[in-house]
Amino acid sequence: MAGLAAGCGRSTGAAGSGTYNVPAALKNYACPADANGVGAARSGPRTGERLQVATTVAPITSIVAEVAGDKADVRGVIPEGTDSHTFEPKPSVAETFSMADVVFVNGLHLAAPTKTLAARNVPK
-19 MAGLAAGCGR
-9 STGAAGSGTY
1 NVPAALKNYA
11 CPADANGVGA
21 ARSGPRTGER
31 LQVATTVAPI
41 TSIVAEVAGD
51 KADVRGVIPE
61 GTDSHTFEPK
71 PSVAETFSMA
81 DVVFVNGLHL
91 AAPTKTLAAR
101 NVPK
């Protein structure tokens, strides 16, 4: 995973460098993994591959999918209509995080358990 979102408000670098410029609309929701003490296991998509993006709640999934367009495969882990406060992640959520180049979460420390799960599933 090349990035873990944490609401740090920084872009993650230049395209082609293994990290990616985050559109201004999403800067408050994404930052590089290293800012959170999470090592990057992947350097991002290889040439010709689409960016793999994981998101938490449906509104963030919709926003990220609209901004990313055809440049990324966006997978939301909490289905639309599901209460995120009572959501119990399946083991497949850990796999989604481990395959992601970047993870977008809700800011304001509202997604601390999700960030912990993502950090624990960075491939070694």
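Everything in the sequence shown is counted per our numbering, starting at -19 for the first residue and increasing by one. All C-beta atoms in this analysis are idealised placements derived from N, C-alpha and C, irrespective of residue type, glycine included. Predicted, not measured: the structure shown is a model, and the values here were computed from it.
Tell me the residue span of the beta strand (DSSP E) that contains residue i.
i     : result
Ala34 : 31 to 35
Report back the beta-carbon spacing between residue i and residue j to the nearest angstrom; my notes put them in contact at under 8 Å.
i     : j     : result
Lys95 : Val85 : 6 Å
Val54 : Ala48 : 6 Å
Ala98 : Val83 : 5 Å
Ala52 : Arg30 : 5 Å
For residue i, which of helix, strand or coil comes out of DSSP?
i     : result
Asp50 : helix
Thr94 : helix
Phe84 : strand
Met66 : Looking at the sequence itself, residue 66 is Thr, so the reference to Met does not match. Of the three classes helix, strand and coil, the one that applies to Thr66 here is coil, per DSSP.
Ala21 : A caution first: Ala21 carries a pLDDT of 45, below 50, which makes its placement in the model too unreliable to give a value.
If the criterion is Cβ atoms closer than 8 Å, does the pair residue i and residue j meet it?
i      : j     : result
Thr76  : Ala38 : no
Gln105 : Ala80 : Residue 105 falls outside the range modelled here, since the chain spans only -19 to 104, and no answer is possible.
Asn101 : Ser64 : no
Can you tell me where the alpha helix (DSSP H) with residue i in it begins and where it stops?
i      : result
Val102 : Here Val102 belongs to no alpha helix (DSSP H), and DSSP marks it neither H nor E.
Val57  : No alpha helix (DSSP H) holds Val57; DSSP gives it neither H nor E.
Ser72  : 71 to 79
From the beta carbon of residue i, is the nearest beta carbon of chain B less than 8 Å away?
i     : result
Thr41 : The structure shown contains no chain B; it is built from a single protein chain.
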